[in-house]
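Be aware that the sequence shown starts at 72, since it is given in the working numbering, and climbs by one per residue.
The C-beta atom is built at its ideal place from N, Cα and C for all residues, glycine as well.
Since the model is a prediction, treat every value here as computed from it, not as a measurement.
Just below is one structure, and these are the notes that go with it.
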Amino acid sequence: MQKDKILLTGALGQIGSELSQTLRDVYGEANVVVSDIRRPADLTIDEVIFEEINVLDTQRLGEVIAKYKITQIYHLAAVLSASGEQDPLFAWQINMDGTLNVLDAAREFSLHKVYFPSSIAVFGKDTPKHNTPQHTIMNPSTIYGISKLTGERWCEYYFRKYGLDVRSLRYPGIISYKTPPGGGTTDYAVDIYYKAAEGKKFECFLKENTYLPMMYMPDAIKATLDIMNAPAEKVKIRSSYNITAMSFSPKEVYQTIQKQVSDFKISYKPDFRQEIADSWPASIDDSVARQDWDWQPDFDLSKMTDDMLINLRKLKEVLV
Ligand code: AKB
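Listed below in structure tokens is the structure:
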């Protein structure tokens, strides 16, 4: 049997940085090609196979697929919700044209599988806010949400029309101590831990009672590998699956951190991201993913907080 060769686009982002390491551990370093729009200055060449790819450049994408005989793509390159609102046309181009270029290349080169990350941003103000079901009214209001929902529709279309094995998850906010997120509405939930570990005050850009669905990075990586490795007949939804692990507000995560960092201080200064957060679900029903391919998260808010603070403190000691 041919060994899988994996290409990640947008691999230097929050999820890509950790997912690429896990994929390299699982599939072997020689079988994972990491790509992003620019090569990072601090990359040691022998460690990682890195290729510069702008996902808008179809020729370059094809060259890399052919060069390494790629069989699977994890297409992570995207502009997130808050950044997308600053330059909607650019976000649309990267998120939409980039996705279509990847789907089309996957068809042209007969790839085995494609992974497309979607988001809770596909839901909007008309969506039921609590325990948002798998199938419901969507109507997203951000360009990020609109592009992710359209991407989901294209994924299902490519599956039905061309038999392309596309799999996808609607990520909630992802929290990690390794790589910071960039340009999202849920980014506060990462930053708050960094500030607490650094002994600094935290100013939150969302109101204290804004509940959003969230997940710790190890669960996000586990969910991604679980769906990609599930037998094809178990993956019944070919647009994208709801997944979640917890739901909390800024006040609740602050209070959980404060149990360990008693002098930690927070203040609130909501900005344009409040409107985005208000249009998203407060909590998600992921029972379909649990039923279809046995999805089950390991971390809740308190377990994640313990792990985040332990690791951020260790990192701080290393840096001091
Ligand atoms: C964002 O906030 O834009 C992302 C997401 C929920 O997809 N973290």
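Taking 8 Å as the limit between beta carbons, can you name the residues of its chain near residue i, skipping five residues before and five after?
i	result
Arg-198	For the sequence presented, residue 198 should be read as Thr rather than Arg. Only Thr-207, Ile-208, Met-209, Asn-210, Pro-352 meet the Cβ criterion.
Lys-140	Lys-76
Val-97	Leu-296
Val-193	Met-209, Pro-211, Gly-216, Lys-219, Leu-220, Glu-223, Arg-241, Ser-311
Lys-387	Ala-268, Glu-269
Between the alpha carbons of residue i and residue j, how many angstroms are there, rounded?
i	j	result
Tyr-287	Asn-202	19 Å
Lys-196	Leu-220	15 Å
Pro-243	Ala-153	15 Å
Lys-330	Ile-191	29 Å
Gly-407	Asp-168	Residue 407 falls outside the range modelled here, since the chain spans only 72 to 391, and no answer is possible.
Lys-232	Trp-225	10 Å
Asp-356	Ser-311	13 Å
Lys-184	Glu-118	25 Å
Pro-159	Val-173	21 Å
Asn-166	Lys-336	37 Å
Asp-369	Ser-218	30 Å
Tyr-145	Glu-156	25 Å
Glu-100	Thr-142	15 Å
Arg-241	Ile-263	23 Å
Asp-128	Val-135	11 Å
Phe-230	Thr-257	30 Å
Arg-178	Ala-348	36 Å
Pro-289	Asp-378	11 Å
Gln-367	Leu-283	19 Å
Gln-362	Ala-112	44 Å
Gly-234	Leu-182	11 Å
Lys-138	Leu-132	10 Å
Ile-108	Thr-376	33 Å
Ser-239	Asp-334	41 Å
Arg-384	Glu-274	20 Å
Gln-164	Ala-303	30 Å
Ser-88	Leu-151	16 Å
Met-72	Phe-180	With a pLDDT of only 46 at Met-72, under 50, the local geometry of the prediction cannot be trusted, and the value read off the model is given with reservation. C-alpha separation (whole angstroms): 18 Å.
If I measure Cβ to Cβ from residue i and keep anything under 7 Å in the same chain, skipping five residues before and after, which residues do I get?
i	result
Arg-110	Phe-121, Glu-123
Trp-364	Asp-297, Ile-298, Ala-301, Lys-305, Val-306
Phe-276	Tyr-259, Lys-340, Pro-341, Asp-342, Arg-344
Lys-74	Asn-102
Leu-114	Phe-121
Ser-91	Leu-79, Ala-82, Val-103, Val-105
Glu-227	Arg-309, Ser-310
Val-261	Ile-246, Ser-247, Pro-251, Pro-252
Lys-200	Pro-352, Ala-353
Lys-278	Tyr-339, Pro-341, Gln-345
Tyr-265	Leu-383
Excluding sequence positions up to five away, which residues of its chain have a Cβ less than 6 Å from the Cβ of residue i?
i	result
Val-332	Ala-267
Pro-204	Asp-356
Ser-212	Gly-195, Ser-350
Asn-382	Tyr-248
Leu-94	Ile-77, Val-103
Bridge partners for residue i per DSSP, in chain order?
i	result
Pro-284	Ser-318
His-146	Thr-80
Asn-313	Arg-241
Lys-184	Gln-143
Ser-189	Arg-241
Asp-107	Glu-123
Tyr-339	Cys-275
Ile-355	Thr-203
Ile-246	Tyr-287
If residue i sits next to residue j, beta carbons under 8 Å apart, how far is it from one beta carbon to the other, in whole angstroms?
i	j	result
Val-324	Leu-380	So it is not a contact: roughly 12 Å between Cβ atoms.
Thr-281	Ser-320	6 Å
Ala-291	Ile-86	6 Å
Met-285	Ser-338	Between Ser-338 and Met-285 the Cβ distance is about 21 Å, and since that is not below 8 Å, they are no contact.
Gly-81	Ala-149	6 Å
Phe-429	Val-237	Given that the chain is displayed from residue 72 to residue 391, the structure contains no residue 429 and the question cannot be resolved.
Val-359	Ile-308	7 Å
Leu-147	Gly-84	6 Å
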